[in-house]
Amino acid sequence: MGAVVAVGGEGVARRHNEREAGGDPTAHAEVLALRDAAAATGSWRLDDATLLVTLEPCPMCAGAAWAARIGRVVYGAPSSEAGSLGSLYHLGADPRLNHEFPVVHGVCADECTALLQDFFADRR
């Protein structure tokens, strides 16, 4: 899985999932990219940024986007197992939280789904 954080149309951070490689359960691509973007911009508030990801973020990653006050999230493939920006939950549009953000889903969905299928096939 991969994630890019863009500000003003320019990528400021790009990461992939490192959970297995690093033995870190929080090393999802989104979390790592958000950390790098905060360092690159000098601010934890990423309200002018867009997070682009292959797979719909899980609860942890959607929560990290919320905590970063992300401006927008764009994802390709939905996640029926852990999708937290539309499939199972919608943390980006929960009025009980103090930050809501737009979500664009299904961008290059077929290509993202194929990438994910290949990724998981190689792991099995």
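Add 6 to a position in the sequence shown, counting from 1, and you land on the number used in my numbering.
C-beta: ideal position from N, C-alpha, C; glycine also.
Since the model is a prediction, treat every value here as computed from it, not as a measurement.
For residue i, count the other beta carbons within 10 Å of its own beta carbon; 16 or more makes it buried, fewer makes it exposed. Which is it?
| i | result |
| --- | --- |
| V113 | exposed |
| W50 | exposed |
| P31 | exposed |
| G15 | exposed |
| P63 | buried |
| A120 | exposed |
By how many angstroms is the C-alpha of residue j removed from the C-alpha of residue i?
| i | j | result |
| --- | --- | --- |
| V13 | T47 | 9 Å |
| V79 | G8 | 13 Å |
| R20 | A83 | 18 Å |
| E117 | N104 | 34 Å |
| A55 | A33 | 20 Å |
| V18 | A127 | 30 Å |
| D42 | V10 | 10 Å |
| R75 | S93 | 21 Å |
Going by beta carbon distance, what residues of the same chain come within less than 8 Å of residue i, once the five residues before and after it are set aside?
| i | result |
| --- | --- |
| Y95 | P65, A68, G89 |
Closer than 7 Å by C-beta to residue i: which residues in its own chain qualify, once you throw out the five before and the five after it? Chain order, please.
| i | result |
| --- | --- |
| H22 | M7, G8, A35 |
| L38 | R21, E24 |
I think residue i touches residue j, with their Cβ atoms under 8 Å apart; what is that distance to the nearest whole Å?
| i | j | result |
| --- | --- | --- |
| L91 | A70 | With a Cβ gap of about 12 Å, L91 and A70 do not count as contacting. |
| L97 | W72 | 6 Å |
Which same chain residues, not among the five before or five after residue i, have their C-beta less than 6 Å away from its C-beta?
| i | result |
| --- | --- |
| A115 | G82, A83 |
| S85 | L61, E62, S93 |
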